[in-house]
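The block underneath contains the structure these notes are about, expressed in C-alpha cells.
Number of protein chains: 2
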Amino acid sequence: MILEVAVLNIKKGLSADFEKSFQEAQSIISSMKGYTSHELKKCVEQEDKYILLVNWETIEDHEIGFRKSNEYKKWKALLHHFYEPFPIVEHYTKVDGC
Amino acid sequence: MILEVAVLNIKKGLSADFEKSFQEAQSIISSMKGYTSHELKKCVEQEDKYILLVNWETIEDHEIGFRKSNEYKKWKALLHHFYEPFPIVEHYTKVDGC
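Residue numbers (the numbering used here), protein chains in the order written: chain A, 12 to 109; chain B, 12 to 109.
This is the structure we're talking about:
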C-alpha cells in the first residue's frame with residue numbers, strides 16, 4: 012500500500028469553486044485500478060490550503076495507471092487551474108511496527 | 012475530527028534510530044485523551060523523510076491536552092533530537108462532500 016500526499020495551495024478566493032470541482036473529480040480517481048481510498052482536508056491555520064491523501068495498491072497504479080490515462084485528462088481539466096504553485100506530490104510507505 | 016499533519020525530516024543516517032524511538036513513543040500519543048488514530052509513513056522519493064498523521068477529536072486535545080502534558084515531555088525527549096529542521100505542524104479538517 013502506497014500513500015500519495017499532495018499539499019494543495021489554491022489561488023486566492025477560489026477555494027469554494029475548487030471544492031465543488033473536487034466533488035466531481037473524486038469520482039474519477041475512485042474508479043481507477045489500484046485506488047483504495049482518499050481524503051481531501053482543509054487546513055485550519057492557512058486559508059486556501061488543502062491536503063489530498065490517496066491510498067493506492069502500488070506506486071505504478073498512481074504514476075502509470077492513473078497519470079497516463081484518459082481519465083487523468085478530465086481530472087487535470089477539472090482541478091489543475093486552481094493550483095498556485097503547482098503541487099509537489101510525494102509517496103509514502105509503511106514503516107514496520109508503526 | 013482533526014487531522015494533525017507533520018512532515019518530519021530526520022538527521023542524515025538516523026532514520027533507523029528514529030523508527031525505533033517512534034515505536035516506543037507511539038504508545039504515549041495513543042494513550043492521550045482525544046487521540047483517535049495515527050500513522051507514521053516513510054517517503055519513497057526522499058531519504059530520511061517521514062509523514063506523521065494523527066487524528067484527534069478536537070484541536071485542543073492535541074494543542075492543549077497533549078502538548079501541555081507530562082507525557083509530551085517524554086515524547087519530546089524520545090523524538091525531538093532527530094528532527095532537522097524542526098517540523099511545522101498543521102491541522103486539517105473535513106471538507107463537506109469530499
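Idealized CB from N, CA, C, for every residue including glycine. Nothing here was measured: the structure is a model prediction, and the numbers come from that model.
Query raised in the report: Are there three or more Cβ pairs, one per stretch, closer than 8 Å when the segment 43–54 of chain A is compared with the segment 63–76 of chain A?
Result: The segment 43–54 of chain A is in contact with the segment 63–76 of chain A.
Query - Per-residue contacts from B:E5 into chain A (C-beta, under 7 Å) - result: There is simply no residue 5 of chain B to check, as chain B begins at 12 and stops at 109 in what is shown.
Report task. Indicate whether B:D59 and B:I99 have their beta-carbon atoms separated by less than 7 Å. Result -> Contact flag unset, no.
Requested in this report: Identify whether B:K116 lies in helix, strand or coil by the three-state DSSP scheme.
Outcome: Not covered by the structure: residue 116 of chain B. The range shown for chain B is 12 to 109.
Report task. Assign B:K79 to one of three DSSP states: helix, strand, or coil. Result -> Correct three-state label for B:K79: coil.
Query raised in the report: Okay, do the segment 33–40 of chain A and the segment 83–94 of chain B touch, 3+ Cβ pairs below 8 Å being the bar?
Result: Taking a cut-off of 8 Å for Cβ pairs, the segment 33–40 of chain A and the segment 83–94 of chain B do not touch, as fewer than three such pairs fall below it.
**Report entry** Candidates B:G24, B:E82, B:V16, B:G45: closest to B:I71 by CA position
**Finding:** The amino acid at residue 71 of chain B is misidentified as Ile; the sequence shows Glu. Sorting B:G24, B:E82, B:V16, B:G45 by C-alpha distance to the C-alpha of B:E71 places B:G45 at the top.
Query raised in the report: Which chain A residues sit within Cβ distance under 9 Å of B:E30?
Result: Correct list: V106, D107, G108, C109.
Query raised in the report: Hey, quick one: how far does the beta strand (DSSP E) through B:E50 stretch, first residue to last?
Result: It spans 46–54 - the beta strand (DSSP E) in which B:E50 sits, taken as one unbroken run.
Query raised in the report: In chain B, what lies closer than 8 Å to A:L51 by C-beta?
Result: Those within 8 Å of A:L51 in chain B are V106, C109.
Query raised in the report: CB-CB under 8 Å to A:V16, same chain, minus the five flanking residues each way: which ones, in chain order?
Result: Excluding residues within five positions, the ones whose Cβ falls inside 8 Å are I62, L63, L64, V100, E101, H102, Y103.
Requested in this report: Determine, using beta carbons only, whether B:G108 and A:Q34 come nearer to each other than 7 Å.
Outcome: In this structure, B:G108 lies near A:Q34, with their beta-carbon atoms less than 7 Å apart.
**Report entry** Minimum Cβ-Cβ distance from A:L19 to chain B less than 7 Å
**Finding:** No, no contact with chain B.
Query raised in the report: Taking 7 Å as the CB-CB limit, is A:L14 close to chain B?
Result: Taking Cβ atoms only, chain B reaches closer than 7 Å to A:L14, which makes this a yes.
Query raised in the report: How big is the Cα-Cα spacing for A:L14 and A:K31?
Result: Here the alpha carbons of A:K31 and A:L14 stand approximately 24 Å from one another.
Report task. Kindly indicate which three-state DSSP category A:E35 falls into: helix, strand or coil? Result -> The three-state reading of DSSP puts A:E35 in helix, counting H, G and I together.
Query raised in the report: Using CA coordinates, which residue listed in A:V18, A:E68, A:L19, A:E82 is at the minimum distance from A:T47?
Result: Closest option to A:T47, Cα to Cα, is A:E68.
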